[in-house]
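J.: Structure provided below as structure tokens; questions to follow.
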Amino acid sequence: MRIRKAKITDIKQIHKFVNEFAKKEEMLPRALNELYEGIRDFFVYEEDGIIKGVCALRILWEDLAEIRSLAVRKEYQRLGIGKSLIKRCLKDAKDLGIKKVFALTYQPEFFKKLGFIEIDKAKLPHKIWGDCLKCPKFPECDEHAVIIYL
2 MRIRKAKITD IKQIHKFVNE FAKKEEMLPR ALNELYEGIR DFFVYEEDGI
52 IKGVCALRIL WEDLAEIRSL AVRKEYQRLG IGKSLIKRCL KDAKDLGIKK
102 VFALTYQPEF FKKLGFIEID KAKLPHKIWG DCLKCPKFPE CDEHAVIIYL
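Start counting at 1 in the sequence shown, then tack on 1, and there's your number in the numbering used here.
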């Protein structure tokens, strides 16, 4: 098992991963150019040369970051890969001095097992809603907001 920062050569595979989940309405789709621009946010979980999962930590403000685009290949789910990716993102946030990390998710119970608590989305700063404006579900969002204080 190896979690590492994403490389340019990973982006097309990350794009495929994320958008497969988006087709099932489990996360927002991401444009290829958006992934290239945000490559430094992404971690990949690689084993035997196969990328089995991806996750990003996006810094939003001096004390706030978002975990986004968590995707694990279906055949590798429930093996701790998602948990490992989240923990790596949280470590990165802590190392950067970030105090709060949130996620918008359809799987709040998964995040709660990792120490996150559910909060009202309205308590998050307006700055985070930029991606939401692109979502076909906006403003009737059915995702749950979770946050952890580091």
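Note that CB positions come from ideal geometry on N, CA and C, so glycine has one too.
A quick note: this is a predicted structure, and the numbers were derived from the prediction, not measured.
(1) Taking all protein chains shown into account, decide if Asp11 is buried (16 or more other Cβ within 10 angstroms of its Cβ) or exposed.
(2) Going by Cα to Cα distance, which pick from Tyr150, Lys25, Tyr46 and Leu97 is closest to Lys113?
(3) Taking DSSP's pairing of strands, which residues face Ile149 in a bridge?
(4) DSSP three-state label for Tyr107, please.
(5) Would you be able to state if there are at least three C-beta pairs under 8 Å between the stretch 73-87 and the stretch 29-38?
(6) Between which two residues does the alpha helix (DSSP H) holding Ile15 run?
(7) What does the alpha-carbon distance come out to for the pair Phe117 and Ala7?
(8) I'd like to check one pair, Arg69 with Ala57: are the Cβ atoms closer than 8 Å?
(9) Using 10 angstroms around the beta-carbon of Tyr1, count the other beta-carbons present and answer buried if the total reaches 16, otherwise exposed.
(10) Exposed or buried, which one is Leu1 when buried takes at least 16 other CB atoms within 10 Å?
(11) Does Ile52 pass the burial test, meaning 16 or more other C-beta atoms within 10 Å, or should it be called exposed?
T.: This is what the structure gives:
(1) Reading the sequence shown from its first residue, position 10 is the one you call residue 11. Asp11 is buried by the Cβ-count criterion.
(2) In the sequence shown, counting from the first residue as 1, residue 113 sits at position 112. It is Tyr150.
(3) Taking the first residue of the sequence shown as 1, we reach residue 149 at position 148. The beta-bridge partner set that DSSP reports for Ile149 consists of Val102.
(4) Here residue 107 corresponds to residue number 106 of the sequence shown, with the count starting at 1. It is coil, neither helix nor strand.
(5) no
(6) Along the sequence shown, read from residue 1 onward, the residue named residue 15 stands at position 14. Here the alpha helix (DSSP H) through Ile15 covers Ile12 to Lys24.
(7) On the sequence shown, residue 117 is found 116 positions in, with the first residue counted as 1. On the sequence shown, residue 7 is found 6 positions in, with the first residue counted as 1. Looking at the two C-alpha atoms, the distance is approximately 25 Å.
(8) Taking the first residue of the sequence shown as 1, we reach residue 57 at position 56. Taking the first residue of the sequence shown as 1, we reach residue 69 at position 68. Against a cut-off of 8 Å, the Cβ pair of Arg69 and Ala57 comes out as a contact.
(9) Given that the chain is displayed from residue 2 to residue 151, the structure contains no residue 1 and the question cannot be resolved.
(10) Since the first residue of the chain shown is 2 and the last is 151, residue 1 is not available in this structure.
(11) Position 51 of the sequence shown, counting from 1, holds the residue named residue 52. The residue in question, Ile52, is buried, as its Cβ has 16 or more Cβ neighbours within 10 Å.
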